[in-house]
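Heads up: the structure comes next, in structure tokens.
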Amino acid sequence: MRDPHIHFAYLDERTKRMIRRAILKAVAIPGYQVPFGSREMPLPYGWGTGGIQVTASIIGSDDVLKVIDQGSDDTVNAVNIRRFFQRTTGVEVTTDTTAASIIQTRHRIPETPLREGQILVYQVPVPEPMQHLEPLEVETRKLHALQEYGLMHVNLYEDLAHFGQIATTYDYPVLVNGRYIMAPSPIPKFDNPKMHMNPALQLFGAGREKRIYAVPPYTSVESLGFEDHPFSIQRWEQPCGICGARDSFLDEVITDDQGGRLFVCSDSDYCAKTQAAAEQPGTAL
Amino acid sequence: MYVAVKGGETAILNSYRLLAEQRRGEVAIAELSVEQISQQLRLAVDRVMTEGSVYDPELAALAIKQSAGDLVEAIFLLRAYRATLPRLAYTEAIDTGRMVLSRRVSATFKDLPGGQLLGPTYDYTQRLLDFSLLATGAHPEPDTIRAAPAPLEAAPRVIDLLNHEGLVEDQAVPEGDPEPFDLTRQPLRFPADRSARLQNLARADEGFLLAMAYSTQRGYAESHPFVGEIRFGTVELCLVPEELGFEISLGDIAVTECQMVNQFKGSYTEPPQFTRGYGLAFGHSERKAMAMSLVDRALRAQELGEEVKAPAQMPEFVMSHSDSLESSGFVQHLKLPHYVDFQSELELVRKMRKAIARHDTGATPDPKDDAHA
Amino acid sequence: MSQAPLLRVRDLRCAYGAREVVRGISFDLWPGEVLAVVGESGSGKSTLLNAVAARHAPVGGTVEFAMREGPDGAGELADIYAMTEAQRRLLARTDWGFVHQNAADGLRMNVSAGANVSERLMALGQRHYGRLRAQAADWLQRVEIDPSRIDDRPDTFSGGMRQRLQIARNLITAPRLVFMDEPTSSLDVSVQARLLDMLRMLTRQMELAAIIVTHDLAVARLLAQRMVVMQGGYAVESGLTDQVLDDPQHPYTQLLVSSVLPP
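Residue numbers (my numbering), protein chains in the order written: chain W, 14 to 298; chain V, 1121 to 1493; chain D, 2 to 264.
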């Protein structure tokens, strides 16, 4: 239940307005990192404060909120963040992807396709896709402004030269709306195609680094690659050990100390629904 | 049959209980009061106020109690609380020239108007554990104590004395006297102006700043520093409320100020002068104020036409890593689940090992390995 | 070919703090022409080069470069310090090259030779890995590096090889003007000759204009049609290389020439 001593969604209205202005700028320039005055939150920097500030600035009392981490509603971090919003807003919460109006996520995009009117809020640790190549923000800002992305492709070339394939498997850089290269947050590259032409609004919040960026609905998002070595996604040989799905991202669970392992859907809601549909074959997902 | 692990909420609630037990410790031992912390762990309180950016010894002491003495955690608590406080007004700038001094030393002159006042300091103690402190209760006074003289009234700043000859660079007010940058409201961007830099350093983690400062003394950008002056004491906080139109006094706060005097520079058009580094902290925090002044000076390298070759001279490096909330948060965030990303890495490593094994046996690559999106 | 100079420098002055190191230098550079700037260390020649290459802001004078011809005729001389940084950076990546004395300053030491050479092409939008690699291999061959070393990092290369790699990295976009700061000075004498020969061949083949800073008169003799002699920030003598070296007029030039040991 909502704590009446805390302002709705914790942030004061002036701060929310400041963040919403940043969000509007971000939506107007897809993929561009908008600096914002990130606040100290009751959770530490690095633990989702950016995503939380974005959600707190857009959430209203009739929103329905879903919070996931690693695809699951029940990981400790997701529970913690969901409790925070329950305490500060009293909004309805759900684990059902189709029922949510706002989904805050860490490291995954839900398997169930999103629809118009939904908002996906990503928690971002490192908003700058070139940071590991060029740590200086003064320099990377220029590179983005001048569209000087040679450095990114040098990095991909090197992977091909040394490994025969591109060695980036998560936080795989993308070109948004044909203009800005963006870090999609540490989602596995398996999830990258879901960002392209998505009917939902995608917002990205980096609290520690103090940046917000966005991909508006129906925007082109292309994963970087070469013409003769295009982007490709991961595949598993086995289906989910619980629901039998063959098209979702699977987590590996170690079941014994003899090397026994089981692969299960990372998306807990999708897995439950697939399992239910398998048991009752006429049920809509 | 495998069942996914649930119960995250229960685990969290239980962890609160265990944490409370750990914080309280042995129940038979008397509970520490916030008052005791505020009085007897004074210097911890000063650090938490400085980096927490709130001058309130009681709140700082509370944060220290709540965090069981983990000062970085206490600083986090205070900053998070500060973020919820409304802005009522802005005070006038404090005038450290009119400080009521408890301590004042200068390394640049043997004697100077106002004198050298040793004050309360660990500087000339011998670092021998005093086991008599194991017992609480009245303590025998040290032999040499007498009634301390009344703290000095204002003594002129060394910087002002040097300035009579024009020997020290003028810290001119920037054109138009702009509002200082507010780090708590706006994101830091580079290049950062002086007000942003000083604010960042004032809130910076003391350990980090100390290491950076130390590096400047060991060849990582030397600037030949001298302590022009360190002063510790109280200054008056004044406010001009809109409704009144005249100045009222809010009370006193204790601050430590360090003016570091550095290697002289000249330019094409100006004769050489000594350059400065500045440090300011709440309470009695000399190490912090000194470290801050050394790093402030080092970060001015580019402005003063010096070659930038050491980390302490790089504003982006120093100022991006100085905040303990950011550094602690991000380092510790590695404890959060990362198994989805790790799964992706596992899959890649297995694939590459398989490819090498196939290459060794001469087999062709497996087209099932990757689907094109 | 246009009759206007490619580069025009007028009254260039540079300083470090109170110390003036370049005192009013002027010259023109024509397409395909190589100019040597010769002097002892401390003469100001490297500072001059950096100021002309937009790497060190001067305190006085102008540097103008003839931009590529547009659809409406010959490119105009443009003041490089009046340009935006974006324009200068584009110039530096495409139409200019800069070869550092120490190859490590002009290379990415932590990526392969192939990546180093093809980076400019990738920056210009090329996205076919196979073709990029082929072009890189081709250029490695032209600078006499074994193409099988394309995936090796420069820190496994000898000094001479690194320098040749740096040259390939700069020339792959066929720049019209190349700046070189003591390109052979950090190499063994035995290796220098080979590199100089290669530079001479490439500048002729590609009709490159170049400004080469050197303290070595032999480098000037071999590579440059014209030369400028600098002493204490001033240009004390200039003219056709052969004339200046065979018949030096200024006492300082005479001193320089006479102190060179015959081979």
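Even for Gly, the Cβ is constructed at its ideal location relative to N, Cα and C.
Residue interval of the beta strand (DSSP E) (run including I116(W)): As a position in the first sequence, residue 116(W) is number 103, starting the count at 1. Element bounds for I116(W): I115 to R119.
Listed by chain order, chain D residues near A180(W) by CB distance under 8 Å: Your numbering for residue 180(W) matches position 167 in the first sequence. Near A180(W) there are no residues of chain D at all, since even the closest Cβ is about 13 Å away, more than 8 Å.
Interface residues of chain V facing G223(W) [CB-CB closer than 7 Å]: Locating residue 223(W) in the first sequence gives position 210, where the first residue counts as 1. Note on residue identity: the sequence assigns Lys, not Gly, to residue 223(W). Neighbours of K223(W) on chain V, chain order: P1307.
Where the beta strand (DSSP E) through E1349(V) begins and ends: Mapped onto the second sequence, residue 1349(V) falls at position 229. Here the beta strand (DSSP E) through E1349(V) covers F1346 to L1359.
4 or more residues per run - each alpha helix (DSSP H) lying fully within the region 1179-1238 of chain V: 1191-1202
Range covered by the beta strand (DSSP E) that runs through Y283(W): In the first sequence, residue 283(W) corresponds to position 270, counting from 1. From DSSP, Y283(W) is part of no beta strand (DSSP E) but of the alpha helix (DSSP H) over S281 to E292.
CB contact check: D270(W) to chain V, cutoff 8 Å: Numbered from its first residue, the first sequence carries residue 270(W) at position 257. No - not a single Cβ of chain V is within 8 Å of the one on D270(W).
Candidates R132(D), G40(D) and M110(D), of which the one nearest G234(D) by Cα: Position 233 of the third sequence holds residue 234(D). Considering only alpha carbons, the answer is G40(D).
DSSP bridge partner residues for D1176(V) (one or two, in chain order): What you label residue 1176(V) is simply residue 56 of the second sequence in a count that begins at 1. DSSP, once it has assigned bridges, lists no residue as partnering D1176(V).
Beta carbon of A1432(V) nearer than 8 Å to that of M1332(V): Against the second sequence, residue 1432(V) aligns to sequence position 312. Against the second sequence, residue 1332(V) aligns to sequence position 212. A contact, by the Cβ cut-off of 8 Å.
Reduced DSSP category for N190(W) - H, G, I as helix; E, B as strand; rest coil: The residue labelled residue 190(W) in the question sits at position 177 within the first sequence. In this structure, N190(W) counts as coil in the three-state DSSP scheme.
Element boundaries [beta strand (DSSP E), containing V38(D)]: Stepping through the third sequence from its first residue, residue 38(D) is reached at position 37. Here the beta strand (DSSP E) through V38(D) covers V35 to V39.
Straight-line Cα distance separating V1438(V) from S1412(V): In the second sequence, counting from the first residue as 1, residue 1412(V) sits at position 292. In the second sequence, counting from the first residue as 1, residue 1438(V) sits at position 318. Sequence inspection shows Met at residue 1412(V); the Ser mentioned does not correspond to that position. Rounded to the nearest angstrom, the two C-alpha atoms are 11 Å apart.
Contact list for P199(W) against chain V, beta-carbon separation under 7 Å: Within the first sequence, the letter at position 186 stands for residue 199(W). Those are D1461, listed as they occur along chain V.
The region 108-123 of chain D: positions lying closer than 8 Å to chain W by Cβ: R109, V112, S113, G115, A116, S119, E120, R121 and M123
Coil, strand or helix - W140(D) by DSSP: What you label residue 140(D) is simply residue 139 of the third sequence in a count that begins at 1. Three-state result, W140(D): helix.
heavy atom of the ligand NAD below 7 Å from M84(D) C-beta: In the structure on display, the ligand NAD does not appear, and there are no ligands present to speak of.
When A22(W), R27(W), Y23(W) and P17(W) are compared against R1305(V), the one with the closest alpha-carbon: The sequence position of residue 1305(V) within the second sequence is 185, counting from 1. If we check each option's Cα against that of R1305(V), R27(W) comes out closest.
Pairwise C-alpha distance: T1376(V) and G1239(V): Position 119 of the second sequence, counted from the first residue, corresponds to residue 1239(V). Position 256 of the second sequence, counted from the first residue, corresponds to residue 1376(V). So the alpha carbons of these two residues sit roughly 13 Å apart.
Alpha-carbon to alpha-carbon, H209(W) and A113(W): In the first sequence, residue 113(W) corresponds to position 100, counting from 1. In the first sequence, residue 209(W) corresponds to position 196, counting from 1. Computed Cα separation, rounded: 20 Å.
Three or more C-beta pairs below 8 Å linking the region 251-261 of chain W and the region 156-176 of chain W: no
Contacting residues, own chain, Cβ-Cβ under 6 Å from T107(W) (five flanking each side not counted): Taking the first sequence and counting its residues from 1, one reaches residue 107(W) at position 94. Cβ neighbours of T107(W) beyond the five flanking positions: V77, K79 and A113.
Chain-ordered neighbours of A1131(V) on chain W, where CB pairs are closer than 9 Å: Counted from its first residue, the second sequence places residue 1131(V) at position 11. What A1131(V) touches in chain W: V89 and V92.
Minimum Cβ-Cβ distance from A79(D) to chain W less than 8 Å: Here residue 79(D) refers to the residue found at position 78 of the third sequence. It does not; no Cβ of chain W falls within 8 Å.
Whole-angstrom C-beta distance between Q136(W) and R119(W), which should lie under 8 Å: Position 106 of the first sequence, counted from the start, is the residue given in the question as residue 119(W). Position 123 of the first sequence, counted from the start, is the residue given in the question as residue 136(W). Indeed, because the Cβ distance is near 4 Å, the residues count as touching under 8 Å.
CB contact flag (A1203(V), S1335(V), <8 Å): Within the second sequence, residue 1203(V) is the residue found at index 83, counting from 1. Within the second sequence, residue 1335(V) is the residue found at index 215, counting from 1. Not a contact, by the Cβ cut-off of 8 Å.
The alpha helix (DSSP H) enclosing Q215(W), as first and last residue numbers: Against the first sequence, residue 215(W) aligns to sequence position 202. Per DSSP, Q215(W) belongs to no alpha helix (DSSP H); it is in the beta strand (DSSP E), L214 to A219.
Pairwise C-alpha distance: Q46(W) and T110(W): Residue 110(W) sits at position 97 when you count from the first residue of the first sequence. Residue 46(W) sits at position 33 when you count from the first residue of the first sequence. Looking at the two C-alpha atoms, the distance is approximately 27 Å.
Span of the alpha helix (DSSP H), counted from its first residue to its last, around A219(D): As a position in the third sequence, residue 219(D) is number 218, starting the count at 1. Counting along the chain, the alpha helix (DSSP H) containing A219(D) begins and ends at L218 to L224.
Span of the alpha helix (DSSP H), counted from its first residue to its last, around G185(D): As a first step, residue 185(D) is located in the third sequence; it is residue number 184 there, counting from the start. The sequence given here places Thr at residue 185(D); Gly does not occur at that position. Note, T185(D): premise wrong, no alpha helix (DSSP H); not H, not E.
Residues of the region 1360-1385 of chain V with Cβ closer than 9 Å to any Cβ of chain W, in chain order: none
Interface positions of the region 1436-1449 of chain V facing chain W (Cβ-Cβ less than 9 Å), listed along the chain: E1436, F1437, S1440, D1443, L1445, E1446, S1447, S1448 and G1449
Proximity of Q117(W) and G73(W) at Cβ, strictly below 8 Å: Start at 1 with the first residue of the first sequence, and residue 117(W) comes out as number 104. Start at 1 with the first residue of the first sequence, and residue 73(W) comes out as number 60. Result no, Cβ atoms of Q117(W) and G73(W) do not sit closer than 8 Å.
Ranges of the alpha helix (DSSP H) found wholly within the region 75-118 of chain W, counting only runs of at least 4: 89-102
Chain D contacts made by the region 165-189 of chain W, where a contact means CB separation under 9 Å: M165, H166, V167, N168, L169, Y170, E171, L173, A174 and H175
For V118(D) and T95(D), the rounded distance between their alpha carbons: By 1-based counting over the third sequence, the position of residue 95(D) is 94. By 1-based counting over the third sequence, the position of residue 118(D) is 117. In a straight line, the C-alpha of T95(D) is about 13 Å away from that of V118(D).
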